[in-house]
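Colleague: Okay, here's the structure, questions in a sec.
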Amino acid sequence: ALPICFSVSRSSLVVRPVLLGSRVCRPVIAMATKIGINGFGRIGRMVFQAICDQGLLGSKLDVVGVVDMSTDAEYFAYQMKYDTVHGRFKHDVKIGAADELIVNGHKIKCIMAS
Numbered sequence: 008a009l010p011i012c013f014s015v016s017r018s019s020l021v022v023r024p025v026l027l028g029s030r031v032c033r034p035v036i037a038m039a040t041k042i043g044i045n046g047f048g049r050i051g052r053m054v055f056q057a058i059c060d061q062g063l064l065g066s067k068l069d070v071v072g073v074v075d076m077s078t079d080a081e082y083f084a085y086q087m088k089y090d091t092v093h094g095r096f097k098h099d100v101k102i103g104a105a106d107e108l109i110v111n112g113h114k115i116k117c118i119m120a121s
C-alpha cells in the first residue's frame with residue numbers, strides 16, 4: 008500500500024496526491040471543517056443560510072453548534088423558516104433531541120452563551 012500524504016492549497020480545500028521520491032502517494036479524502044456560529048441573530052442566520060445555499064453544509068463545512076443567549080431549537084427553527092427580510096429558508100429543518108436542530112440531516116447543537 009502507498010503511504011498517505013497530501014497537499015492542501017491555501018486558496019482551496021482540494022486535496023491532491025503528492026510525489027514522494029519516485030512514488031505517488033494515494034490521495035486522502037478531505038473531511039469537512041467543523042465550525043460553530045457565535046450568535047444566531049440576523050447575521051448568524053444569514054451566514055448559516057449561505058452555507059446551506061452553497062451546498063457546503065456537510066461537504067466542506069460541518070456546523071456543529073450555534074451559540075446564543077437562548078438554546079430554544081424550536082425558536083431557532085422558526086426564525087430560520089420564516090425570516091421576514093431574507094425570505095423562507097429553502098432547506099429541511101427539524102427539531103432533534105433537547106436543544107438540537109437537524110438541517111438537511113445534519114445535527115447542530117444549540118449552546119447557551121455565558
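Using the working numbering, you'd call the opening residue of the sequence shown number 8 and step up by one each time.
All residues carry an ideal CB built from backbone N, CA and C; glycine is no exception.
If you're wondering where the values come from, they're calculated on a predicted model, not measured in any experiment.
Assuming Asp123 contacts Lys116 (C-beta within less than 8 Å), just tell me the rounded distance between them.
Modeller: Only positions 8 to 121 of the chain appear in the structure, and residue 123 is not among them; the question remains open.
Colleague: Since Arg52 and Asp99 are thought to touch, with beta carbons under 8 Å apart, how far apart are those beta carbons, to the nearest angstrom?
Modeller: Contact annotation, Arg52 with Asp99: C-beta distance approximately 16 Å; criterion of less than 8 Å not satisfied.
Colleague: State buried or exposed for Ala120, treating a residue as buried only when at least 16 other CB atoms are found within 10 Å of its CB.
Modeller: exposed
Colleague: Less than 9 Å separating the beta-carbons of Gly43 and Gly65?
Modeller: no
Colleague: Can you pull the DSSP bridge partners for Lys116?
Modeller: Answer is Gly72 and Glu107, bridged to Lys116.
Colleague: Whole angstroms is fine: what's the gap from Tyr82's alpha carbon to Ile118's?
Modeller: 13 Å
Colleague: To the nearest angstrom, report how far apart Met76 and Gly46 are at their CA atoms.
Modeller: 8 Å
Colleague: With distances taken Cα to Cα, identify the nearest neighbour of Ile50 among Ile102, Ala104 and Val92.
Modeller: The shortest Cα separation from Ile50 among Ile102, Ala104 and Val92 belongs to Val92.
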